[in-house]
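Novice: Below you will find the structure I want to go over with you.
Numbering (the numbering used here), first residue to last: 128 to 193.
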């Protein structure tokens, strides 16, 4: 499983480090509530991409951030 780290979230969403950590913390909280194990400071790429309707660079961009 691939993960995004805080530096990745900062770059993708153009947020500060503290705000990026809060985003990751909220996503991990949602995953825990669904019964998944989480690792602090990491967010699964697939889950992040679903939440932000995002695809990696190199493919057709589908970024939709609200």
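In this text, a Cβ means the ideal position worked out from N, Cα and C, and glycines have one as well.
#1: Tell me whether the beta-carbon of residue 137 lies closer than 8 angstroms to the beta-carbon of residue 171.
#2: Between which two residues does the beta strand (DSSP E) harbouring residue 130 extend?
#3: How about residue 131 and residue 175: are their beta carbons less than 8 angstroms apart?
#4: Work out the CA separation of residue 139 and residue 151 for me, nearest whole Å.
#5: Any idea if residue 147 is buried or exposed, counting beta-carbon neighbours within 10 angstroms, 16 or more meaning buried?
#6: Please report the straight-line C-alpha distance between residue 166 and residue 155, rounded to a whole angstrom.
Specialist: With the structure as the only source:
#1: Walking along the chain shown from the start, residue 137 turns up at place 10. Walking along the chain shown from the start, residue 171 turns up at place 44. Taking 8 angstroms as the Cβ cut-off, residue 137 and residue 171 do not qualify as a contacting pair.
#2: To locate residue 130, count along the chain shown from 1; it is residue 3. 130-132 is the span of the beta strand (DSSP E), which, as asked, contains residue 130.
#3: On the chain shown, position 4 is the one that residue 131 refers to. On the chain shown, position 48 is the one that residue 175 refers to. Yes. Within cutoff.
#4: Here residue 151 refers to the residue found at position 24 of the chain shown. Here residue 139 refers to the residue found at position 12 of the chain shown. One Cα belongs to residue 151, the other to residue 139, and the distance between them is close to 13 angstroms.
#5: Numbered from 1 along the chain shown, position 20 holds the residue referred to as residue 147. In the assembly as shown, residue 147 is a buried residue. Its beta-carbon has 16 or more other beta-carbons within 10 Å.
#6: Here the question's residue 166 lines up with position 39 in the chain shown. Here the question's residue 155 lines up with position 28 in the chain shown. The straight-line gap from Cα to Cα measures roughly 8 angstroms.
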